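Residue numbers (our numbering), protein chains in the order written: chain A, 93 to 310; chain B, 93 to 310.
Don't be surprised by glycine CBs; every beta carbon is placed ideally from N, CA and C.
Owing to the predicted nature of the structure, the values given are computational and were not obtained by experimental measurement.
Only one structure is covered here, and it is reproduced in the block below.
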């Protein structure tokens, strides 16, 4: 339908990956472990950053780069209050973060004070999966009220991530969510995926996530 | 950063709008009222189509075109079982429907048997807002567990729609959602927006939505 678009996007993605590789090298040199955190809008990305920063800030200082499609910097402000050094990126309507946005944002963070960097992507289950940012691990948050069919409907996102957090498990009694069906879909796409069922609201399950982070970033 | 992208995308959008205008003319000629239904993943798009088709199928036969990023045609199958003549579009990973996809899908529907057409877009609060499809009204579903900050964070989507459905109000007792704050954000972006608070799970609030549809499609 639009034959001109494909080569242009491919060129852009290849340029993006070069910038992502530079970012990775920079983070490695600083001894910073980094996450690309992706999810639907409202799945709990910022709540997870808050919980993580509060728990780890003394032992593993957290930096946060947050992408949103608008000027509203609520997420960066929430993370900052929780103890994470935070930078807000306005993507200007773009549906995902790109490596150059993250590179530029990192210039504003005192990297020598950070041990764990969380890059909170734009709320979107489709586009962010195509863009490398330079992070060490990609983390997807699924949310119970989104429904149990999401792995089947967003296979590219589910198959490309390193860690899955299943958030809002406190809502399981109030919605129709077949955990077996959900997990079967995940397992088919991404066998052996590291998974943490949690509630960022009640705190349930977060210890295992924090232990995993400590073991990776140590 | 990527200066070549903007003109290309503009050309594509303009071509898209021409196809959308053709679709609109075709629907008008058939006397079909049509909706472009947008929301985050899991906000309840298909549940709303099911409820709507079940309630209206005898008086206002429903057709449904569903865009998903994969081959999984669950949503089209659910809608078909609820009485809507349904077509599934695999966008091949694309994050939104485009007018040409809808035009081609409509060739597969017996339009003379349909009075109400619901186009269920890809679950995404960013990209679909930029692509006209030819529908008469754009409808956004917000979902209570997504949180009350979404209008502030996805202003382009909230400001561009004609109707807002606030779904999963049955979950209000179990989450932190300030309805006043949410509605203030909506009102600033889109004053006087027609709004229906509903629960597709319990059926609460759906009568007002169905009445509105009957009045528009009559």
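- Shown here for residue 267(B): same chain residues with a beta carbon closer than 7 angstroms to its own, the five before and five after excluded, namely 236 and 237 in chain order.
- The continuous alpha helix (DSSP H) containing residue 274(A) extends over residues 271-281.
- Ranked by Cα distance from residue 286(A), the options 216(A), 230(A) and 112(A) are led by 230(A).
- With contact defined as three or more Cβ pairs closer than 8 angstroms, the stretch 242-254 of chain B and the stretch 162-170 of chain B are not in contact.
- As summarised for the stretch 171-208 of chain B, the continuous beta strand (DSSP E) elements at least 3 residues long and confined to that stretch are 177-182, given in chain order.
- Counting only Cβ-Cβ distances below 8 angstroms, residue 149(B) has no contacts in chain A at all, with the closest Cβ about 23 angstroms away.
- The beta carbon of residue 285(A) does not come within 8 angstroms of any beta carbon belonging to chain B, so the residue lies off that interface.
- In the structure shown, residue 133(B) adopts coil according to DSSP, grouped into three states.
- Contact between the stretch 221-228 of chain A and the stretch 189-202 of chain B is not established, with fewer than three Cβ pairs separated by less than 8 angstroms.
- Around residue 149(B), the same chain offers 175 as residues with beta carbons nearer than 6 angstroms, after the five sequence neighbours per side are excluded.
- Identification of chain B residues near residue 292(A) by a Cβ-Cβ cut-off of 8 angstroms yields none; the smallest Cβ-Cβ distance measures about 11 angstroms.
- The shortest CA-to-CA distance from residue 184(B) to any of 160(B), 173(B), 203(B) and 177(B) is the one to 160(B).
- DSSP lists 128(B) and 157(B) as the bridge partner or partners of residue 211(B).
- In the structure shown, residue 144(B) adopts helical secondary structure according to DSSP, grouped into three states.
- According to the DSSP secondary-structure assignment, residue 234(A) is paired through a beta bridge with 258(A).
- When C-alpha distances from residue 211(B) are compared across 138(B), 103(B) and 303(B), the shortest belongs to 138(B).
- Distance from the CA atom of residue 109(B) to the CA atom of residue 264(A), rounded to whole angstroms, is 42 angstroms.
- Listed along chain A, no residue sits closer than 8 angstroms to residue 154(B) by beta-carbon distance, the nearest being about 21 angstroms off.
- Listed along the chain, the chain A residues whose CB falls inside 8 angstroms of the CB of residue 235(B) are 134 and 237.
- If the five residues before and after residue 205(A) are omitted, its C-beta is found closer than 7 angstroms to the C-beta atoms of 153 and 177, all from its own chain and listed in chain order.
- Beta-bridge partners of residue 288(B) (DSSP): 257(B).
- Where residue 250(B) is concerned, the enclosing alpha helix (DSSP H) starts and stops at 247-252.
- Interface flag for residue 250(B) against chain A is unset, since no Cβ pair is found closer than 8 angstroms.
- Measuring C-alpha to C-alpha distances from residue 258(A) to each of 280(A), 105(A), 297(A) and 245(A) identifies 297(A) as the nearest.
- For residue 218(B), the nearest beta carbon of chain A is closer than 8 angstroms to its own beta carbon.
- At a C-beta separation below 9 angstroms, residue 263(A) has these neighbours in chain B: 237, 263, 266 and 267.
- Look at the stretch 198-218 of chain B: the residues with a C-beta under 9 angstroms from a C-beta of chain A are 214, 215, 216, 217 and 218.
- The alpha carbon of residue 305(A) has as its nearest neighbour, out of 104(A), 270(A) and 140(A), the alpha carbon of 140(A).
- Just so you know, the alpha carbons of residue 240(A) and residue 215(A) end up roughly 18 angstroms apart.
- Going by beta carbons, residue 128(A) and residue 213(A) fall inside the 8 angstroms limit.
- Shortest Cα-Cα distance from residue 187(B) to any of 131(B), 123(B) and 199(B) involves 131(B).
- By the 16-neighbour rule on beta-carbons within 10 angstroms, residue 260(A) is buried.
- Against residue 246(A), the close residues of chain B are 133, 160, 161, 162 and 215, in the order they occur along the chain (beta-carbon pairs closer than 9 angstroms).
- For residue 116(B), same chain residues with a beta-carbon under 7 angstroms away, outside a window of 5 residues either side, are 226 in chain order.
- Residue 184(B) is outside the set of residues whose beta carbon lies under 8 angstroms from a beta carbon in chain A.
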